[in-house]
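This note's numbering puts the sequence shown at residues 5 to 194. C-beta: ideal position from N, C-alpha, C; glycine also.
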Amino acid sequence: MKFQVFLVATLLVCSLGLAGYIHNKKDEEFKLAKHASFQNVKHRVTGDVLKEYMTHVVESSSLLDKTKKQIEDLKVEVTGAQEGADGKRAEAETCTGELKRMTDEVASIDTEKANADGEFQKKKGSLQEQIANLKKEIEQPSKVCDYIKKDSAEGKKLCGTGLSTEPAKVEGKPVEPAEGEKKKEEPKSS
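So this is what it looks like as structure tokens:
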């Protein structure tokens, strides 16, 4: 009987050990299934995130290509605009140089004009002074009139007695009397 008890106890212990081992393996299987499920979800989420990142990378790459193309286009436009600006700057410098030259010419012409005006005013003043002196001489009776008969026609003409003297006639006639006076004076002096 001891052997039977020992056998039953051994079987019982082995059954309990086997039950414990099976229970332990089921817990381990449950944990592994849970872990595999978690890893599967994690793998799917990582795949989705990776796909999203790849989509972003493709979009960013296409946007980068478009931006590079726009930059190249803008570089071409900037180069053209820079060349145009350089041309306009050169034209502006040329115009500024011409403007300075013209300003200098205008200044020299103004100086010449001022000098000519000054000279003109001087000559005008001296001519007006000469005209005033000549008018005074015309208004004064000639010294020849002292020697000419004032009753004669030529005497009246030369000395102005009995005639109305107008400025136009007086200015136009002094040339003739001067010749006549010379003719009359010549015979008297000889």
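- Membership of Asp150 in any alpha helix (DSSP H) is not indicated, and neither H nor E is assigned to it by DSSP.
- The alpha-carbon separation between Glu97 and Lys128 amounts to approximately 45 Å.
- When the five nearest sequence neighbours on each side are left out, no beta carbon in the same chain lies closer than 8 Å to the beta carbon of Arg48.
- In the three-state scheme derived from DSSP, where H, G and I count as helix and E and B as strand, Ser146 is classed as coil.
- With fewer than 16 other beta carbons inside 10 angstroms of its own, Leu15 counts as exposed.
- CA-to-CA, the gap between Gln132 and Pro145 works out to about 21 Å.
- The beta carbon of Gly159 lies closer than 8 Å to those of Cys149, Ile152, Lys153, Thr165 in the same chain, with the five residues before and after it left out.
- The DSSP-derived three-state label of Met58 is helix.
- Rounded to whole angstroms, Lys126 and Glu141 show a C-alpha spacing of 22 Å.
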